[in-house]
Amino acid sequence: MASPISAGSSGTRKIAIMIAGRIGLAFVTLFLVSLIVFAISDLLPGDAAQEALGQSATPAQVAALRHEMGLDRPAHVRFGGWITGLAGGDAGTSLVANMPVGEIISQRLPNSLLLAAFTALVSVPLALSIGIASAMNRGGRLDRALNIATLSMVALPEFLVATLAVLIFSVHLRWLPSISMVPEDAGWGEMFQSFAMPVGALTVVVVAQMARMTRAAVVDQLDRPYVEMALLKGLSRRAIIVSHVLPNAVGPIVNAMALSMSYLLGGAIIVETIFNYPGLASLMVNAVTSRDMPLLQACAMIFCSVYLLLMLIADVVAILANPRLRTA
Amino acid sequence: MTPVSALRWTRRLPLSGRVGLFFVLFWALAALVGPLLAPYPIGAFVDQNVFSGASGQFLLGTDYLGRDVLSRVLLAARYTIGLGTGAALLACLCGTGLALTAVVSPAWLDELLSRFMDTLISIPSKILALVMVAAFGSSLWLLLLIAGITYIPGNYRIARALAVNLNQLDFVAVARARGEGRFYIAVREILPNMIHPLLTDLGLRFVFIVLLLSALSFLGLGVQPPAADLGSLVRENISGIAEGAPALIVPALAIATLTVGVNLLIDALPRGGRRG
C-alpha cells in the first residue's frame with residue numbers, strides 16, 4: 152500500500168479532513184453513548200440511598216444520604232458533574248469499596264490490556280492464515296470445511312469453550328491451573344501457564360469472526376477484473392494471491408481485524424469471570440452484582456470508548472486503503 | 010407447505026443445512042413437549058448422590074443437589090428457547106417497524122431515528138445488557154425486554170438498508186402516484202418484498218439473544234432460581250467440572266447445538282428466498 156503522502160497535497164488534505172471528521176464524529180457518538188449509559192443507570196428506578204440504607208431507614212436518613220451522595224440535585228446537573236469528572240479522570244467513588252473508582256480501575260486495566268494484547272498476538276496470524284487459505288480454495292473442500300467450522304465457532308457460547316478447556320487441560324491432563332492469577336514476579340513459564348487458557352478461549356471466540364471477514368475481504372478482491380487479467384496472462388494462483396490480491400486486500404483485512412477485535416470485549420466478560428482473571432470485565436460483572444453504579448458506569452464507558460476506538464481505526468484504515476481517495 | 014414439498018425442500022439442503030434443521034426441529038420439539046416427557050418432577054431431589062453419571066435410572070445423571078438432569082434440561086430448554094424467540098421477535102418487530110417508519114417519514118425523523126440507533130449500536134451488546142440488568146433487575150419479563158431492546162438497532166440497520174432500496178423502485182413510485190398513504194406503502198408495498206432477508210435476520214438475532222441470555226444466566230445475572238434456563242444450569246453445576254459431570258456438559262452442549270444448528274440452517278438456506 153503506497154503511503155498516502157506521496158499522492159500530492161490536495162489528496163492528503165482531503166484525507167486529513169475526512170479523518171478529522173471521523174474523529175470528531177467518534178467524540179460526538181461517545182458523548183451520546185455516555186448520555187444513554189447515564190440515563191439507563193441513573194435516572195431510572197432504584198435509588199442508591201434507599202438501597203444502601205435498606206427498608207428500615209427513616210425518610211430523614213434517606214434524605215440526608217441522598218443529599219450527601221448528591222442524588223437530590225437535578226439530573227442534568229448530575230450528568231454534567233459526572234461527565235466532566237470522567238473527562239478529567241475522576242470517575243467518582245465506588246459505593247461498595249468506598250475507594251475512588253479511578254484507583255480500582257487503574258489496578259485492573261493493565262491486566263485486561265495484557266490479555267487483549269496476547270489474544271491479538273495469537274488470533275491475528277491464525278485468522279489471517281485461515282481466511283486466506285479459505286479464499287484461495289474458494290468453493291473447494293477446504294473452504295467448505297473451514298466455512299462450517301468457523302460458522303459453528305461463531306455460535307458457540309464462550310463459557311462452553313472455557314469450561315471444556317478447563318475440563319481437558321486442568322482436570323484431565325493437569326497441565327494448566329484452572330484459575331488465572333498474574334503473580335508480580337512471574338517467570339515466562341508461569342506467565343505462559345496462567346495465560347494459556349484465557350488467551351486460548353478468547354482466541355476461539357475472536358478467530359472465527361476474524362477469519363470469516365478476512366476471507367470475505369480477499370474473495371471480494373478475487374472478483375475484480377485485474378485478477379482475471381492476471382489469470383489470463385498466465386500467472387499461477389499463488390502468484391496472483393501473493394503479489395496482486397494481498398497488497399490490495401490489506402486495507403479491507405485490517406478493517407476486518409479491527410471490527411472483529413470488538414468481539415473480544417464481549418468474550419472477555421465471560422472468560423475473565425470463569426478464570427477469575429483480575430481484569431476490567433470481571434470488575435464490571437461484580438459492579439453489576441453489587442449495583443455499584445459509579446464503578447459500573449465507568450467500566451461501561453471504558454468498554455464503549457475502546458469499541459468506538461476500534462470502529463474509528465477500522466474507518467480510518469478503510470479511508471487510507473481506498474486508492475480512489477488516495478489519488479483524488 | 011405440504012409434507013411432500015417440505016421433504017423435497019429438505020433434500021435440496023446441503024448436509025450442513027440438514028444437520029442444522031435436525032437440531033432446530035429437535036430443540037423446538039423439546040421446548041414444546043419436553044417438559045411433559047420429563048421423567049421426574051423438576052425440583053425434586055431424587056438421588057442421594059450428587060453429580061452421578063448417566064444410568065438407566067437417570068439418563069443424564071443428577072445435578073449438584075441430586076436432581077434429575079434430563080428433566081431440568083428439558084424445562085430449561087423451554088425457558089431458553091421461549092425467551093430467545095420472544096426477544097428475537099420483539100427486536101425484529103420493533104426494529105423493522107421503526108425502519109419502515111423512518112423510510113416513509115420526512116427526512117428529519119429518519120435522520121433522528123437513524124442517529125439514535127447508530128448511538129445504541131456503538132454500545133457493545135453485552136455491556137448494554139449488563140447496564141440495563143444492573144438498573145432494572147432481571148425478572149423474566151425484564152430479561153425478555155432487555156435482550157429484545159439490545160438487538161433492535163442491529164435489525165433496524167438491516168431493515169432500513171433494505172427498505173431504502175425498495176423505496177426507490179418503480180412500483181413504490183406508482184403506489185405513491187396512486188395517492189396511497191404512507192402506512193399502505195410501508196406495509197403493503199415495501200414490507201412483503203423484504204420478508205425473506207428479514208426472516209434470516211430473525212434467526213441470527215435469535216442466536217445472538219440465546220448466547221446473550223445464557224451468558225447473563227451463567228454470570229448469575231439472568232434467569233433467577235427457582236426458574237432456570239440452560240445458562241443457569243451450567244452455572245449451578247460448575248462445581249461438577251472436576252468429575253466432568255453430565256449435569257455440566259449437557260446444558261452447555263444443548264446451547265451449542267441449538268445456536269450452531271440455527272446458524273448452519275440459515276447459512277444453507279438458498280439466498281434471495283426462492284422458497285415458494
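Chains U and S supply the protein sequences, listed in that same order.
Note that the first sequence covers residues 152 to 479 in this note's numbering.
Note that the second sequence covers residues 10 to 285 in this note's numbering.
Don't be surprised by glycine CBs; every beta carbon is placed ideally from N, CA and C.
Residue i in three-state terms, based on DSSP
i                 : result
Pro225 of chain U : coil
Asp374 of chain U : coil
Arg76 of chain S  : strand
Pro133 of chain S : coil
Phe251 of chain U : Strictly speaking, residue 251 of chain U in this sequence is Pro, with Phe absent from that position. It is a strand residue.
Thr71 of chain S  : strand
Phe54 of chain S  : strand
Thr244 of chain U : strand
Ser387 of chain U : coil
Ala479 of chain U : Residue placement at Ala479 of chain U is poorly supported in this model, since its pLDDT is 45, which falls under 50; the coordinates still yield a value, given next. The answer is coil: DSSP assigns Ala479 of chain U none of H, G, I, E or B.
Trp150 of chain S : helix
Gly239 of chain U : coil
Asn246 of chain S : coil
Phe60 of chain S  : coil
Arg366 of chain U : helix
Gln212 of chain U : helix
Ala158 of chain U : Bear in mind that a pLDDT of 47 at Ala158 of chain U, under 50, signals an unreliable position, so the number given afterwards is only what the model happens to contain. Residue state, collapsed to three classes: helix.
Trp117 of chain S : helix
C-alpha gap between residue i and residue j, whole angstroms
i                 : j                 : result
Gly212 of chain S : Ala300 of chain U : 19 Å
Ala432 of chain U : Val350 of chain U : 14 Å
Gly282 of chain S : Pro23 of chain S  : Residue placement at Gly282 of chain S cannot be trusted, given a pLDDT of 44 that sits under 50; what the coordinates show is reported in the next sentence. If you take the alpha carbons of Gly282 of chain S and Pro23 of chain S, they lie about 16 Å apart.
Met462 of chain U : Pro261 of chain U : 21 Å
Met293 of chain U : Ala419 of chain U : Correcting the residue identity first, residue 293 of chain U is Leu in this sequence and not Met. When rounded, the distance between both Cα atoms is 30 Å.
Met169 of chain U : Leu216 of chain U : 49 Å
Asp223 of chain U : Gly240 of chain S : 39 Å
Asp119 of chain S : Arg169 of chain S : 10 Å
Thr235 of chain U : Ile136 of chain S : 22 Å
Ser14 of chain S  : Leu30 of chain S  : 15 Å
Ala144 of chain S : Ile191 of chain U : 7 Å
Gln171 of chain U : Lys165 of chain U : Just to set this straight, residue 171 of chain U is Ala in the shown sequence, not Gln. So the alpha carbons of these two residues sit roughly 10 Å apart.
Pro162 of chain S : Ile130 of chain S : 6 Å
Ala256 of chain S : Asn298 of chain U : 31 Å
Leu102 of chain S : Leu267 of chain S : 23 Å
Gly249 of chain S : Ala224 of chain S : 19 Å
Asp210 of chain S : Leu107 of chain S : 15 Å
Val252 of chain U : Ala238 of chain U : 13 Å
Phe35 of chain S  : Ala449 of chain U : 43 Å
Chain-ordered neighbours of residue i on chain S, where CB pairs are closer than 9 Å
i                 : result
Ile191 of chain U : Leu137, Val140, Met141, Ala143, Ala144, Phe145
Arg442 of chain U : Ala143, Ala144
Contact belief for residue i with residue j at Cβ below 8 Å, rounded distance in angstroms
i                 : j                 : result
Ser411 of chain U : Val357 of chain U : 6 Å
Leu152 of chain S : Leu220 of chain S : About 14 Å separates the two Cβ atoms, so there is no contact after all.
Phe215 of chain S : Thr94 of chain S  : 7 Å
Gly139 of chain S : Met435 of chain U : Residue identity check: residue 139 of chain S is Leu in the sequence provided, not Gly. Correct: roughly 7 Å between the Cβ atoms.
Ile51 of chain S  : Val184 of chain U : Incorrect: roughly 41 Å between the Cβ atoms, too far for contact.
Enclosing alpha helix (DSSP H) for residue i [first to last residue]
i                 : result
Pro260 of chain S : 255-277
Glu198 of chain S : First-last for Glu198 of chain S: undefined, no H or E at that position.
Tyr49 of chain S  : Element bounds for Tyr49 of chain S: n/a, residue is neither H nor E.
His395 of chain U : Here His395 of chain U belongs to no alpha helix (DSSP H), and DSSP marks it neither H nor E.
Ser226 of chain S : 204-227
Glu252 of chain S : Here Glu252 of chain S belongs to no alpha helix (DSSP H), and DSSP marks it neither H nor E.
Arg169 of chain S : 161-176
Glu189 of chain S : Counting along the chain, Glu189 of chain S falls outside any alpha helix (DSSP H), and DSSP gives it neither H nor E.
Phe320 of chain U : Per DSSP, Phe320 of chain U belongs to no alpha helix (DSSP H) and is neither H nor E.
Val467 of chain U : 444-472
Gly418 of chain U : 414-425
Ile299 of chain U : 292-305
Thr19 of chain S  : 12-21
Contact list for residue i against chain S, beta-carbon separation under 7 Å
i                 : result
Glu423 of chain U : The contacting residues do not exist; Glu423 of chain U stays about 11 Å from chain S at best.
Met412 of chain U : Correct list: empty, because the minimum Cβ distance to chain S is about 11 Å.
Arg259 of chain U : Neighbours of Arg259 of chain U on chain S: none; closest Cβ ~16 Å, over 7 Å.
Ala451 of chain U : Ile136, Val140
Chain C within 8 Å of residue i, Cβ atoms only
i                 : result
Ile299 of chain U : Absent from the structure: chain C. Protein chains present are U and S.
Under 8 Å from the C-beta of residue i: neighbouring residues of chain U
i                 : result
Asn272 of chain S : Leu302, Ser303, Val305, Ala306
Leu129 of chain S : Ile187
Ser248 of chain S : Under the 8 Å cutoff, chain U gives no residues; its nearest Cβ is about 12 Å from Ser248 of chain S.
Residue i: contacting residues in chain S (beta-carbon distance under 8 Å)
i                 : result
Phe310 of chain U : Ser223, Ala224, Phe227, Gly240, Val243, Ala261
Phe454 of chain U : Pro133, Ile136
7 Å Cβ cut-off: residues of chain U touching residue i
i                 : result
Arg196 of chain S : Before going on, a small fix: residue 196 of chain S reads as Val here, not Arg. Neighbours of Val196 of chain S on chain U: none; closest Cβ ~30 Å, over 7 Å.
Val216 of chain S : Ala306
Asp276 of chain S : Leu302
Val173 of chain S : In chain order: nothing, as chain U lies at least about 21 Å away.
Within chain U, partners of residue i - CB distance below 9 Å
i                : result
Leu83 of chain S : Near Leu83 of chain S there are no residues of chain U at all, since even the closest Cβ is about 19 Å away, more than 9 Å.
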